[in-house]
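For reference, the structure discussed in these notes is given below.
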Amino acid sequence: MTQQPIKPRQGINSIDVGLKVLMELVSLGRPAALREIAEAAEMHPAKLHRYLVSFVRGGFVQQNVHDGRYDLGPQALTFSLGCLARLDAIRVGSQVLESLMEETRESVFIAVWGDAGPTVVDWQPARRAIAASTHTGTVFPLVMSSTGRVFAAYMPASIMDPYLSQELQDLRGSTNPRAPADRAELDGLLAEVRRRGLARGLSIRIPGINSFSAPVFDYRGKLAFALTAFGYEQSFDSGWQSPIASSLRAAAVRLSRQLGHTGPEQGQVEARSQAGD
1 MTQQPIKPRQ GINSIDVGLK VLMELVSLGR PAALREIAEA AEMHPAKLHR
51 YLVSFVRGGF VQQNVHDGRY DLGPQALTFS LGCLARLDAI RVGSQVLESL
101 MEETRESVFI AVWGDAGPTV VDWQPARRAI AASTHTGTVF PLVMSSTGRV
151 FAAYMPASIM DPYLSQELQD LRGSTNPRAP ADRAELDGLL AEVRRRGLAR
201 GLSIRIPGIN SFSAPVFDYR GKLAFALTAF GYEQSFDSGW QSPIASSLRA
251 AAVRLSRQLG HTGPEQGQVE ARSQAGD
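Position 217 of the sequence shown, counted from 1, bears residue number 217 in our numbering, the numbering being contiguous throughout.
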């Protein structure tokens with residue numbers, strides 16, 4: 001018996017058109033004149049104006065009384081915040097782990113700030129085994145891990161400073177040649193993280209294991225979690241422009257956008273280093 005093709009469900013055309021108008025206004029990213037929105041939406045200005053009048057009445061669009069330009073209204077903000085409140089950052093991040101592992105061919109995980117420091121909440125091991133003692137619940141140091149350096153670079157200094165001071169004190173006399181000698185050297189490393197939008201670890205936590213870690217931001221511009229890839233130094237391409245680094249950066253940017261982040265892409269984001277940020 002031949003299966004009949006499924007017909008698309010019939011909707012309400014005027015609502016479809018109205019949603020397109022709103023999305024074009026969002027895409028413009030600024031207050032816009034009627035003609036600009038009409039061109040973007042490919043609509044006659046007179047027809048578009050009727051939609052805008054309804055949206056203004058509903059509070060989804062507002063019109064500047066001085067220049068007549070249109071912008072998103074308070075109801076649009078309420079609607080957006082309601083959507084963001086329903087987003088679970090960890091769930092969103094976890095959804096990309098398997099595909100990122102397949103793309104990089106390395107183990108990957110996400111870590112959030114916990115009571116004891118950067119803590120792994122989900123991970124996807126590579127298909128080849130790796131003895132790196134990483135699993136859900138693993139806590140990473142701030143100074144001597146790429147994951148920790150992401151948190152140190154982007155979380156408020158008022159939170160980070162006591163932890164960093166203690167770790168630097170514990171590292172005094174360390175035989176690890178990659179341990180920063182003092183706070184000035186560490187600050188230089190963290191500045192590089194912010195400049196590149198990526199932290200790199202070359203055998204700094206476990207000898208023979210390299211890693212990259214990228215920050216993922218939420219709609220407030222705050223660090224939501226760190227996304228990390230790691231593997232054996234023999235096969236892990238640690239170049240700043242390597243496919244692993246590029247894939248991790250791109251995934252972090254996509255996740256940030258999913259969480260509502262609208263700021264510049266990682267590598268251009270300034271540190272949120274002031275207390276209370």
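Glycine is no exception: its CB is placed at the ideal position from the N, C-alpha and C atoms.
Every value quoted in this text rests on a predicted model; they were computed, and no experiment measured them.
Rounded to whole angstroms, the Cβ separation of leucine 186 and leucine 164 is 7 Å, and the two are in contact under 8 Å.
About 6 Å separates the beta carbon of phenylalanine 230 from that of glutamate 106, a gap short enough to meet the 8 Å contact definition. Cα atoms of glutamate 167 and serine 213: separation of roughly 20 Å, rounded to the nearest angstrom.
Collapsing the DSSP output to three states places threonine 119 in a strand.
Segment contact: the region 149 to 163 against the region 188 to 202, three or more CB-CB distances shorter than 8 Å; contact assigned. For the beta strand (DSSP E) assignment, the uninterrupted runs of no fewer than 3 residues enclosed by the region 177 to 216 are, from N- to C-terminal side, 199 to 202. Glycine 188 and valine 143 have their C-alpha atoms spaced approximately 12 Å apart. Taking 7 Å as the cut-off, the Cβ atoms of threonine 228 and threonine 138 do not count as close.
Less than 7 Å separates the beta-carbon of tyrosine 51 from that of glycine 18. Excluding its 5 nearest sequence neighbours in each direction, aspartate 218 has C-beta neighbours in its own chain below 7 Å: Ala89, Ala224, Leu259, Gly260 and His261, listed in chain order. Here DSSP, grouped into helix, strand and coil, assigns phenylalanine 55 to helix. In the three-state scheme derived from DSSP, where H, G and I count as helix and E and B as strand, threonine 147 is classed as helix.
Valine 216 is a Cβ neighbour of serine 256, given a cutoff of 7 Å.
Residue nearest to phenylalanine 236 within the set Gly68, Arg35, Gly73 and Ala126 is Ala126 (criterion: CA-CA distance).
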